[in-house]
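Some notes on the structure that comes next.
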Amino acid sequence: MIMHLLWYSNNIFSTVRRNTLHIARIFSTTSIIPDKIDVASMTDKDLELYKLYRPERVIPPMRGIDLIKSSRYSKGMAFNLYERQYLGIHGLLPPAFMTEEQQAYRIISKLREQPNDLARYIQLDGLQI
């Protein structure tokens, strides 16, 4: 159990290091911890670590198109079907799902295909909200 918590805490810290400009991105609208964590059988030290490193579920204060336009809460196409329906954005996004890692890979691949700096600048400028 302690190894799982340590792996999980290292994963969060690496996410924070990657997204230093957008620390709020480590928070999710869905739970990323496995459903079956037996808190009752944890030792006091394990319980303290769990409480310290558990992810917080964030419910955005906005819905619909405002949520999509918000750079703090929008995950692009990474919203799953349940999140899209709950947050009122079902139908406002394409009917496909991509993780944030897949979206980043797609953008970087297209960026590397650009023939010159001006084309890369235009593509990067189009990413800003």
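Residue 222 is where the sequence shown starts when you use the working numbering, and the numbers rise one by one after that.
We treat Cβ as the ideally placed atom computed from N, Cα and C, and that holds for glycine.
Starting from residue i and walking both ways along the alpha helix (DSSP H), at which residues does that stretch end?
i: arginine 305; result: 302-307
i: tyrosine 294; result: Taken as a continuous stretch (DSSP letters only), tyrosine 294 belongs to no alpha helix (DSSP H), as it is neither H nor E.
For a test of the three-state rule: what should DSSP assign to residue i, helix, strand or coil?
i: arginine 284; result: coil
i: arginine 176; result: As shown, the chain starts at 222 and ends at 350. That puts residue 176 outside it, with no answer to give.
i: arginine 333; result: helix
i: arginine 275; result: coil
i: alanine 325; result: helix
i: aspartate 259; result: coil
i: isoleucine 310; result: coil
Please return the same chain residues whose Cβ sits closer than 6 Å to the Cβ of residue i, not counting the five positions on each side in sequence.
i: tyrosine 294; result: Pro281, Leu288
i: arginine 284; result: Leu308, Gly309
i: arginine 305; result: His311
Who are the near neighbours of residue i in its chain, counting only those whose CB is closer than 8 Å to its CB and skipping five residues on each side?
i: methionine 319; result: Gly297, Met298, Ala299, Arg327
Exercise. Is there contact between the segment 299-313 and the segment 327-346, where contact requires at least three CB pairs shorter than 8 Å?
Worked result: no
Exercise. Looking at C-beta atoms only, is the number of pairs between the segment 296-303 and the segment 312-323 that lie closer than 8 Å three or more?
Worked result: yes
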